[in-house]
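Undergrad: One line per chain: the protein sequences are F and E, in this order. Every position in the first sequence, counted from 1, becomes a number in the numbering used here once 7 is added. Every position in the second sequence, counted from 1, becomes a number in the numbering used here once 2 is added. Even glycine gets a Cβ: it sits at the ideal position worked out from N, Cα and C. Being a predicted model, the structure only gives us computed values, none of them experimental. For reference, the structure I am asking about is given below.
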Amino acid sequence: MKKILTLVVLSFTLTMNAFAAQKLDVEVNGLVCDFCAQALEKVFGKKESVKEIDVNLTERYVRITLNEGKEIADEEVKKLIIDAGYDVVKINRVEE
Amino acid sequence: MKRIILGVLAFFWAVPAVARPVSYPGGWTLMASKHGEKSSVHYHYSPTFKDSIGYKGIYDEGADIKGHAFQYNRLVKRWNNPMSQANFYIKSGAGMADKEGALSGLFFTGLALDWEDRRYFTSYENKLTSYGRFGQEYEQSARVGIAPYVAEYGALHTWFMLEVKNDPKADEPVHITPLVRLFKGVHLLEVGHSFQGDVTLNYIYRF
Numbered sequence: 008m009k010k011i012l013t014l015v016v017l018s019f020t021l022t023m024n025a026f027a028a029q030k031l032d033v034e035v036n037g038l039v040c041d042f043c044a045q046a047l048e049k050v051f052g053k054k055e056s057v058k059e060i061d062v063n064l065t066e067r068y069v070r071i072t073l074n075e076g077k078e079i080a081d082e083e084v085k086k087l088i089i090d091a092g093y094d095v096v097k098i099n100r101v102e103e
Numbered sequence: 003m004k005r006i007i008l009g010v011l012a013f014f015w016a017v018p019a020v021a022r023p024v025s026y027p028g029g030w031t032l033m034a035s036k037h038g039e040k041s042s043v044h045y046h047y048s049p050t051f052k053d054s055i056g057y058k059g060i061y062d063e064g065a066d067i068k069g070h071a072f073q074y075n076r077l078v079k080r081w082n083n084p085m086s087q088a089n090f091y092i093k094s095g096a097g098m099a100d101k102e103g104a105l106s107g108l109f110f111t112g113l114a115l116d117w118e119d120r121r122y123f124t125s126y127e128n129k130l131t132s133y134g135r136f137g138q139e140y141e142q143s144a145r146v147g148i149a150p151y152v153a154e155y156g157a158l159h160t161w162f163m164l165e166v167k168n169d170p171k172a173d174e175p176v177h178i179t180p181l182v183r184l185f186k187g188v189h190l191l192e193v194g195h196s197f198q199g200d201v202t203l204n205y206i207y208r209f
């Protein structure tokens, strides 16, 4: 009985993690105007793994929300931002 | 009425000297401007954030010259800082000029530099244009700007700017123009009136 309960709890936890919305906060240099923000929205908007992108010009970061069960590597995030014309300072992954 | 139609046509024939001549990868930009008797339109596509290629149409009402050109813009260097950005561009084009039905080659090249943060703006650019047998011209301009408030992304951005333009061959070589820039979403509009009496209109649409 104890084993069964442990298995149920474990599988529930794994399932919840798999569907947790993953967010990335990316600190970016060079964000000074709405055209910069629009550029990043367009670039990340084409990615299937990205659900939403929120550009904060005041705090100079980009929050990327991923679709459930989807992933994006830090290197890909960095490449997309650099190819759009901006510099990445730091990437923080946030689990919610 | 004829003047109004010519004015509208001139505006949409306009040449831009207003904002970044290169967009994000896959981005299109329409830039139109008018200053006094000179106007132009520039429609370009950016395959990378460092390059844009497109069409440029120019109309100089005073000299009665129209031109059509292929234009290439290159972002030579960008400096991304935590609170600001600076850029160095080279803009060149080649095509044909038409003066009262006669044709000639058209070539232009120039550089542009800008620095901005969310409160202050400054820029400089120059351009040498050769109309072949119709002559050539050189002009340069510099700007400073200030935003009275820092708007969030998506809100209306307002800038007050002062532009000094130098055209050594013109009757009045120096034009000083106070401008208001309104920027919201994908639209950027500038309206100004020089102390020498010329109206300036610039519009950018990026998509």
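Going by CA-CA distance only, name the one from F/Glu55, F/Ile89, F/Asn99, F/Leu38 that's closest to F/Glu78.
TA: Translated into the one-based positions of the first sequence, residue 78 of chain F becomes position 71. Ranking the options by Cα distance to F/Glu78, first place goes to F/Glu55.
Undergrad: Please determine if the stretch 35-51 of chain E and the stretch 65-75 of chain F are in contact, where contact requires at least 3 C-beta pairs separated by less than 8 Å.
TA: Taking 8 Å as the limit for Cβ pairs, the verdict is that the stretch 65-75 of chain F does not touch the stretch 35-51 of chain E.
Undergrad: Please decide whether E/Arg208 counts as near chain F, where near means a Cβ-Cβ distance under 8 Å.
TA: In the second sequence, counting from the first residue as 1, residue 208 of chain E sits at position 206. Yes, E/Arg208 lies at the interface with chain F (some Cβ there is under 8 Å from its Cβ).
Undergrad: Measure the C-alpha to C-alpha separation of F/Leu87 and E/Lys186 and round it to an integer number of angstroms.
TA: Your numbering for residue 87 of chain F matches position 80 in the first sequence. Your numbering for residue 186 of chain E matches position 184 in the second sequence. Cα-Cα distance, rounded: 25 Å.
Undergrad: Assign E/Ala153 to one of three DSSP states: helix, strand, or coil.
TA: Locating residue 153 of chain E in the second sequence gives position 151, counting from the first residue. In the structure shown, E/Ala153 sits in coil (DSSP, three-state: anything other than H, G, I, E or B).
Undergrad: Measure the C-alpha to C-alpha separation of F/Phe19 and F/Glu102 and round it to an integer number of angstroms.
TA: Locating residue 19 of chain F in the first sequence gives position 12, where the first residue counts as 1. Locating residue 102 of chain F in the first sequence gives position 95, where the first residue counts as 1. In this predicted model, F/Phe19 has a pLDDT of only 47, less than 50, meaning its place in the structure is not dependable; the value taken from the coordinates is given anyway. Their backbone Cα atoms lie some 17 Å apart in a straight line.
Undergrad: Which bits of chain E does F/Leu64 rub up against, with CB to CB less than 8 Å?
TA: Your numbering for residue 64 of chain F matches position 57 in the first sequence. Chain E residues near F/Leu64: Arg120, Glu154, Tyr155.
Undergrad: For F/Ile88, which three-state DSSP category applies?
TA: As a working mapping, residue 88 of chain F is identified with position 81 in the first sequence. Helix.
Undergrad: Taking C-beta to C-beta, are E/Asn89 and E/His46 nearer than 8 Å?
TA: Residue 89 of chain E sits at position 87 when you count from the first residue of the second sequence. Residue 46 of chain E sits at position 44 when you count from the first residue of the second sequence. No, the Cβ-Cβ distance between E/Asn89 and E/His46 is not below 8 Å.
Undergrad: Please state if the CB of E/Gly134 and the CB of E/Ala99 are separated by a distance shorter than 8 Å.
TA: Along the second sequence, read from residue 1 onward, the residue named residue 99 of chain E stands at position 97. Along the second sequence, read from residue 1 onward, the residue named residue 134 of chain E stands at position 132. Yes, Cβ-Cβ distance for E/Ala99 and E/Gly134 is below 8 Å.
Undergrad: Taking the Cβ atom as the reference point for each residue, do E/Tyr61 and F/Leu64 lie within a distance shorter than 8 Å?
TA: For the purposes of this step, residue 61 of chain E is taken as residue 59 along the second sequence, with counting starting at 1. For the purposes of this step, residue 64 of chain F is taken as residue 57 along the first sequence, with counting starting at 1. It is not a contact, given that the beta carbons lie outside the stated cut-off.
Undergrad: Based on DSSP bridge pairs, tell me the residues matched to F/Ile60.
TA: The count along the first sequence starts at 1 and reaches residue 60 of chain F at position 53. DSSP output for F/Ile60 lists F/Ile71 as bridge partner(s).
Undergrad: State the beta-bridge partners of E/Phe72 as determined by DSSP.
TA: By one-based count along the second sequence, residue 72 of chain E stands at place 70. Answer is E/Tyr57, E/Ala96, bridged to E/Phe72.
Undergrad: F/Tyr68: buried (16+ other C-beta within 10 angstroms of its C-beta) or exposed?
TA: Position 61 of the first sequence holds residue 68 of chain F. Answer is buried; the Cβ neighbour count reaches 16.
Undergrad: My output table needs one value for F/Gln45: the three-state DSSP class, helix, strand or coil.
TA: For the purposes of this step, residue 45 of chain F is identified with residue 38 of the first sequence, where counting begins at 1. Looking at F/Gln45 - three-state DSSP - the assignment turns out to be helix.
Undergrad: I think E/Arg208 touches E/Gly29, with their Cβ atoms under 8 Å apart; what is that distance to the nearest whole Å?
TA: Start at 1 with the first residue of the second sequence, and residue 208 of chain E comes out as number 206. Start at 1 with the first residue of the second sequence, and residue 29 of chain E comes out as number 27. The Cβ separation is near 6 Å, so the contact holds.
Undergrad: Let me see if you follow: with CB-CB separation under 8 Å, is E/Gly83 close to chain F or not?
TA: Here residue 83 of chain E refers to the residue found at position 81 of the second sequence. One point to set straight first is that residue 83 of chain E is Asn, not Gly, in the sequence displayed. Yes, E/Asn83 lies at the interface with chain F (some Cβ there is under 8 Å from its Cβ).
Undergrad: In the DSSP assignment, find the unbroken beta strand (DSSP E) run with E/Ile206 in it and report its ends.
TA: As a working note, residue 206 of chain E is residue 204 in the second sequence. Note, E/Ile206: beta strand (DSSP E), 201-208.
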